[in-house]
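So the protein lines, in turn, are chains A and B.
Numbering follows our numbering, with no gaps: position 26 of the first sequence is 26.
Take any residue in the second sequence, count from 1 to its spot, add 538: that is its number in our numbering.
We treat Cβ as the ideally placed atom computed from N, Cα and C, and that holds for glycine.
These figures come from a predicted structure and were not determined experimentally.
2 protein chains.
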Amino acid sequence: MSAPNTTPTNPLVTALLTDLYQITMTYAHWRIGKHEEPAVFELFFRKNPFQGAFTIFCGLDECLKYIQSFSFSDEDIEYLKSTPALCNCEDGYFEYLRTLSTTQTPTFQVRALKEGTIVFPKIPMVIIEAPLGLGQLLETTLLNLVNFPSLVATNAARMVLAAKPFPCIEFGLRRAQGPDGACTASKYAYAAGFSATSNVHAGKLFGIPISGTHAHAYVQAFSSLDDVQDLQLLNKKTQATEAFLPKVLGYRKDGTNDGELAAFVAYACAFPDTCLCLVDTYDTLQSGLPNFIATAKALDDFGYQPKGIRLDSGDLSALSLKCKSVFEEVEGSTSRQVFGNLTIVASNDINEETLYQLAERGHGITAFGIGTNLVTCQAQPALGCVYKLVEWKGEPRIKLSNDLPKITIPSRKNVYRLFGKEGTPLVDYMAMQDESPPKPGDRITCRHPFKSQKRLICTPTSVVTLHSVVFDNGAKAALAESSNLSETRSYVQTELDKFPDAIKRYEDPEEYPMMVSITLYKFLHDLWERNAPIKEVA
Amino acid sequence: MSAPNTTPTNPLVTALLTDLYQITMTYAHWRIGKHEEPAVFELFFRKNPFQGAFTIFCGLDECLKYIQSFSFSDEDIEYLKSTPALCNCEDGYFEYLRTLSTTQTPTFQVRALKEGTIVFPKIPMVIIEAPLGLGQLLETTLLNLVNFPSLVATNAARMVLAAKPFPCIEFGLRRAQGPDGACTASKYAYAAGFSATSNVHAGKLFGIPISGTHAHAYVQAFSSLDDVQDLQLLNKKTQATEAFLPKVLGYRKDGTNDGELAAFVAYACAFPDTCLCLVDTYDTLQSGLPNFIATAKALDDFGYQPKGIRLDSGDLSALSLKCKSVFEEVEGSTSRQVFGNLTIVASNDINEETLYQLAERGHGITAFGIGTNLVTCQAQPALGCVYKLVEWKGEPRIKLSNDLPKITIPSRKNVYRLFGKEGTPLVDYMAMQDESPPKPGDRITCRHPFKSQKRLICTPTSVVTLHSVVFDNGAKAALAESSNLSETRSYVQTELDKFPDAIKRYEDPEEYPMMVSITLYKFLHDLWERNAPIKEVA
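If you want it as C-alpha cells, here you go:
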C-alpha cells in the first residue's frame, strides 16, 4: 500500500487565507517603516482542551507547506486593491506585498515543537522570527493550521486512552465539518493512536488502514431470500463450490427477518474471510443476532472464520454482554471455536464519557467505532490558540489583561523539558534565550510565571530542548525532513507513555508544571509593572 | 469586485471520499446483480439543531459539483485493489467502478430543495433516484457536503435573529476546523444574513464584503510615541498636509499608554476614513478609550469621520454602555457630531446565548464580531443527517427502530408546503408520488406520521412543491442553474420572513407541523406492522 505522508496542496491555503486586519495593520506599519523591524511571535494556547491536562501538538506539516509557498499572486493583489477597505492604500504597499516571500527574507526563521509532542498551556508550539510585517501576515493562517490538527489529535488520544485495551476506529466522514475537516480528523486520529478509518480517501492519502462493514441501507435493500437462493461459496474444507443458503437455513431461528438474513448471506459470500454484520436494522436480539449466528455457523462449516457483529443502537453495555454470552454459549455447546474469536464493534454516538461509562458498567465490546464526537470534537470544537508578539526590535513585549491567563510571557526564550530518573518528565522550564541552558544534575529553581508563592526545585537527570529550527532563511531542507505519519504515530505513543497517568486521567487530572527561570520571572514582573496603568481614585 | 459563486474544486472531493462500507456493500450487491436495481434514497435529518425549530438547507452547489464529476480514476482503482479489505474482490467489480458515471446512467436523477430553503425534520433535502449501487456509493459524500453548510447557515441565521437590529460580522478563520471549514463558514454565514467576513480569501472567492480593524499584536508593536512623531495627514479642511501627532497630544489624557496611543495615531493616518481602534490591549476605560477619543478628535479636526472602537474582553454590556455614554458626553459638550456616529464592535466569545443576554441587560454595541461559536457551531457541531433507502425495485422500504424518530417514512414521495392567507406556511405535507397533489382551496386532512391522535385539517391558499429536479440523466444544465450567493442570501431572508416568530424564537420555539397524507400514513403503518418482529414470550 502506498503511504504518502502529506495532505494534497489545499487550494484554499494561500496568502489571502487571513483576516483582513492582518493586511490593514501591516499597512499601518509599512507606512512608517516598522514592517521591517525584527519581531518574534509565539503561537500557543492558554488552556488544555476537554478539561484535560495535556495537548498533542500537530499541524506542523501544513504550516511548513504554507510558509514555504507563501506569496501574493497578481490576482490576489488586484483583489486587495479593489476592496473598499484597502482601495486608498498607497501603491508601494501592494508592491511590498507582491514581492514578499519567506524564502527571500534572510532574517526569517521558524522554530517549532516536533510533530506529536505533548505540550501544555503557554508553551509556544511555533515560534516565528521575522520582520514585523511578514510575521504579522502569517498569524491567522498558522493559527488555523495548528488549531484543528492539535485539537483532534488530543481528542483522539484521550479516546484511545479511555477505550484501552480495545482499539478505536474512526467513522466520522459523514458528520465532519467539510471534506477537509474529515480527512484532517482521519489523519490526526490515526497519528494519536486510532487503529483505522472508514474514510477511503484518507486511507489512500495517508496510508491509514481502512475498515468498515455495511450499513442499514444495505440490509434494507433485501426483502426476501429470493436474491440469495443461488449463491455459491467455495467450501475450504472440501475445496468444492457449494450452495451456501441451505447450510445457513439449517441453522436459522424462526421469526427472524428474511431480508436481513438474505443480506447477511450475500455479505458472507462476498467477504467470507472478513464477514462482520450490522445486526440492529430490525431487532438486535430477536433478528440480527440469530441471523448472524446462522450465517457464522455456515461460514464455519465452509472453513471460514466469521469476523463478528456491529451494534449501532440501544444499550451498548447490555446488548454487547448479551451477544458475547450467546457467542460463548454457542462456542461451549457446539465446540465451534470460531465463536470464541468474534469481534463486537459498538458505534452509536460514542464519546470519551461514554467510553468510561461503558468500562465502568461492563461490556462485551471488542472495538469502538467513533464518528461525530471525535471528528467535530463535540466536547470542545476549537482549541483557543493565540499568536502573540513577544519581542520587537530586540525589546521584549507583553500583552496585559485583567484576566491573568491572558497575560503573555515576554521575550525570545527557550523551553526545556526536565526529566527525572525514570525518564519521567518533571517540569517544563522556560528561560530567556541568553540564559545558559539547565544541565542534568543542576539544582534548578523554577518559578510559576504568575503566582509568586509557587516555586519548585528540580535536579533533572536529563534535559531536552523542546524546539528546533524547522525553517531557516528559506532552507528547503526543512520540508524534506517533515515527519511521516507512522513516525508521528509512534512518537505520540512514546510521548504518552512517558507522562504519568495522573496527567492523562479523565477525572480531575493533575496539572503538569510549566515554570520559568528566576531571571524570566523577574523580567516578566518588572515589565508588567512598568506597563500596567495605575488607577487614580479621587 | 468580482464575485464568483462557487468554491474552487476541492481536491479532496472525489469518489474515494466515502466510507469503505459503501464500497464493500456495493460489492455484495454487485455479486448478485442487485447493483443495477432501481432505488430511491432520501437525505434528511431527524432533529433541528441548536434546540431550535427550523433548519436552513445549504450545500447543494457542492453536491452537484461532486455528482457531476463522480468517477473512480485508475489510480483510485489501483488503491482499492491494493487494500486488504478489497483485495479478494472480483476484477469485474473494479471494472464496474471504473466505468461508473452519473452522466452515463440514464435512470439517474436528483431532486432537491432550493438552496436556502427552510426545512424541518424528516423532510428530504436531497432525493437520489439511481441504480442501487450508484446511489449507495454517493451516500457518505453527500452527507458530508450537506451537513456543515446547512448547520453553519442555520447557526448564522439564529445569531442574526438574536443580534437584530445590529449587524454580525464573521471572524472565525483562526478557530475553524481547517481552511475549508473556515471558508465554508464564511460563505454560508453570509448566505444566512451575516454582513461581512474578516476572511480575505472567502471575500475574494465568494464576493463577500470583508471587514476588520487591527489586533492586540499591532498595539503591542508600539512602545513609545517616537515612531509616529513625523506622521503627516492631509487636513481635508485646509487641504494642506499637516503633522497629526501634535493635534492628538492636545487632546490626550494623562496616564494612558504611550505605545497604544502611537498605534492609534499610526492607524488613523493609514486609514483616516475608516479608523476603528481595538481599545482593550492595556485597559479599556483608563487607556484605550481616552486614547481613541484623543485620536478621534484630531481626525475630526482634520475633517474625517472616525469609525469607532472594538471591545474584545471584559463585561461587554457595562463597557459598551460606558463607552457610548462617554461618546455622547463628548458629542454634547464639544458639539462634535462625529461622536454621535461611532461604531462599537464587540467580539469576545459571542454566541447565541450571550447575544440574548446582552439584549436583556442592555448594551451600547452597534455590531457583533462572531468567531469560534459561529464557525465551529460550538453549541452543536454536527447536523445528524442520514441517507436512507425509501424505495427499491419500485417497492417501498422502511428502516425500523425501537427509537421512534429513527423510523423512516417509506416510498418515493412529494412534499408540499401549504400556505395560509397571509402567505404564512401552515404545514409541510408529504404524500406518495402517485397521489394527486393538494390544490389551493382543498380541505386536506393531514396526519402525523407516527402519532395516530395527531391530525390537522388544512385549507391552503397556495401550495408549493418543495423539490425540483436538479440533475437528470446527466443534464449539465443543472449546474449552470446553481444559485449564486447573493441570490441565496435574499432567498434565506425571504424564507425567514415568511415563517412566524414562534418557530424562530430562542426559548421554547414552536414545532412546525410536518404531516403526511392519509394514504401515506396507512401505507407506512401497514409496512411497519409487516416488518416489525413479533416478540414471543414463554
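**Report entry** Whole-angstrom distance between A:Glu328 and A:Leu342, CA atom to CA atom
**Finding:** Our two residues, A:Leu342 and A:Glu328, have alpha carbons roughly 10 Å apart in a direct line.
So which residues on chain A does B:Arg569 lean against when the C-beta distance must stay under 9 Å? What B:Arg569 touches in chain A: Leu231, Ala266, Cys269 and Ala270.
- Query: Expressed to the nearest angstrom, what Euclidean distance is found between the alpha-carbon atoms of A:Ser320 and A:Gly364?
  - Reply: For A:Ser320 and A:Gly364, the distance between alpha carbons rounds to 5 Å.
Open item on the list: Excluding the 5 residues flanking A:Ala480 on each side, which residues of the same chain have their C-beta closer than 7 Å to its C-beta?
Closed with: Its pLDDT being 48, under 50, A:Ala480 is placed unreliably in this model, and the coordinates cannot settle the point.
Note to self: According to DSSP, B:Met970 sits in a beta bridge with which residue or residues?
What the structure shows: For B:Met970, which the question treats as bridged, DSSP gives the partners B:Lys951.
| Using a beta-carbon distance below 8 Å, is A:Ile210 in contact with chain B? | For A:Ile210, the answer is yes, since a Cβ of chain B falls inside 8 Å of its Cβ.
Margin query: What does the Cβ neighbour count give for B:Leu787, buried or exposed, with the cut at 16 atoms within 10 Å?
Written below: Exposed, by the Cβ-count rule.
Exercise. For B:Arg1043, name the three-state secondary structure that DSSP assigns.
Key: Three-state result, B:Arg1043: coil.
Practice item. Count the other C-beta atoms from every protein chain shown that fall within 10 angstroms of the C-beta of A:Glu95, then say buried if there are 16 or more, exposed otherwise. Key: A:Glu95 is exposed by the Cβ-count criterion.
Nearest to A:Lys406 (by Cα), restricted to the options B:Asp850, B:Ser949 and B:Gln916
Selected option, being the one with the closest Cα: B:Asp850.
Is there a C-beta anywhere in chain B that falls below 8 Å from the one on A:Trp528? No, A:Trp528 does not count as interfacial toward chain B.
Checklist entry - Who are the Cβ neighbours of A:Glu352 in its own chain at under 6 Å, not counting the five residues just before and after it? => result Closer than 6 Å at Cβ, skipping near neighbours: Arg158, Met159 and Ala162.
Q) What's the call for B:Arg1027, buried or exposed, on a 16-neighbour Cβ count within 10 Å? A) Taking all protein chains in view, the Cβ of B:Arg1027 is crowded by 16 or more other Cβ atoms within 10 Å, so the residue is classified as buried.
Q.
DSSP three-state label for B:Ser540, please.
A. Any reading at B:Ser540 is ruled out, since the residue's pLDDT is 38, under 50, leaving its predicted position unreliable.
Worksheet item: Is A:Gly203 closer than 8 Å to B:Thr621 when the C-beta atoms are compared?
Response: Yes, Cβ-Cβ distance for B:Thr621 and A:Gly203 is below 8 Å.
Legend entry - C-beta neighbour in chain B for A:Ala480, strict 8 Å: Confidence in A:Ala480 is poor, its pLDDT being 48 and thus under 50, which makes the residue's placement too unreliable to answer from.
Report task. Specify, as a first and last residue, the run of the alpha helix (DSSP H) that B:Val1075 falls within. Result -> Unbroken run through B:Val1075: none, as it is neither H nor E.
(message) Please list the terminal residues of the continuous alpha helix (DSSP H) segment that includes B:Ala524.
(response) Absent from the model: residue 524 of chain B. The displayed extent of chain B is 539 to 1076, so no value can be given.
Report task. Please list the residues of the region 308 to 322 of chain A that have a C-beta atom closer than 9 Å to any C-beta atom in chain B, keeping them in chain order. Result -> Listed by position along the chain: Ser313 and Gly314.
Buried or exposed for B:Gly932, going by 16 or more other Cβ atoms inside 10 Å?
So B:Gly932 counts as exposed.
ask   = Taking the C-alpha atoms as reference points, what is the distance between B:Asp765 and B:Leu680?
value = Going by C-alpha positions, B:Asp765 is about 55 Å away from B:Leu680.
Margin query: So that I know if they touch, is there some Cβ in chain B lying closer than 8 Å to that of A:Arg98?
Written below: Chain B contact via Cβ: absent.
Taking B:Glu1074 as the query, report the chain A residues whose CB atoms sit under 7 Å from its CB, ordered along the chain.
Result: Gly255.
So, with DSSP's three-state summary, where would you put B:Gly932? If DSSP states are grouped into helix, strand and coil, B:Gly932 belongs with coil.
Terminal residues of the continuous alpha helix (DSSP H) containing B:Gln606?
Looking at the DSSP string, the run of the alpha helix (DSSP H) that includes B:Gln606 is Leu598 to Ser607.
Exercise. Going straight from the alpha carbon of B:Ala753 to that of B:Cys815, what length do you get?
Worked result: Straight-line Cα distance between these residues: approximately 9 Å.
- [ ] Apply the 10 Å Cβ neighbour rule to B:Gly671 and answer buried if 16 or more other Cβ atoms are within range, or exposed otherwise.
- [x] Looking at its Cβ environment, which holds 16 or more other Cβ atoms inside 10 Å, B:Gly671 is buried.
As a quick exercise: from A:Phe264, A:Cys269 and A:Ile210, pick the residue whose alpha carbon is nearest that of A:Leu234. Answer by Cα proximity: A:Cys269.
Go through its chain and collect everything with a Cβ distance to A:Gly371's Cβ below 6 Å, but skip five positions before and after it. For A:Gly371, where only same-chain residues beyond five positions count, the Cβ hits under 6 Å are Phe171, Gly172 and Arg175.
**Segment contact, 8 Å Cβ cut-off, at least three pairs: the region 9 to 18 of chain A with the region 105 to 120 of chain A** = The region 9 to 18 of chain A is not in contact with the region 105 to 120 of chain A.
*Count the other CB atoms, across all protein chains shown, that sit within 10 Å of the CB of A:Gln546; report buried if there are 16 or more and exposed otherwise.*
The shown model of chain A, from 1 to 538, leaves out residue 546 of chain A, and the question about it has no answer.
Three-state class that DSSP yields for B:Tyr617 in the structure shown: Helix, per DSSP.
*Which ranges would you report for the alpha helix (DSSP H) in the region 123 to 169 of chain A if only whole runs of at least 4 residues count?*
If we require 4 residues or more, the alpha helix (DSSP H) runs fully inside the region 123 to 169 of chain A come out as 132 to 163.
Exercise for the section: Within its chain, find whatever has a CB closer than 7 Å to the CB of B:Gln715; leave out the 5 residues flanking it on each side and keep chain order. Expected result: Once the five neighbours on either side are set aside, the close Cβ partners of B:Gln715 are Thr914.
- Query: Among the residues of its own chain, which have a CB less than 6 Å from the CB of A:Phe41, if the five just before and after it don't count?
  - Reply: Ile128, Gly135, Tyr387 and Leu389.
Task: Closest residue to B:Asp853 among B:Phe840, B:Ala759 and B:Leu823 (Cα-Cα distance) - done: Ranking B:Phe840, B:Ala759 and B:Leu823 by Cα distance to B:Asp853 puts B:Leu823 first.
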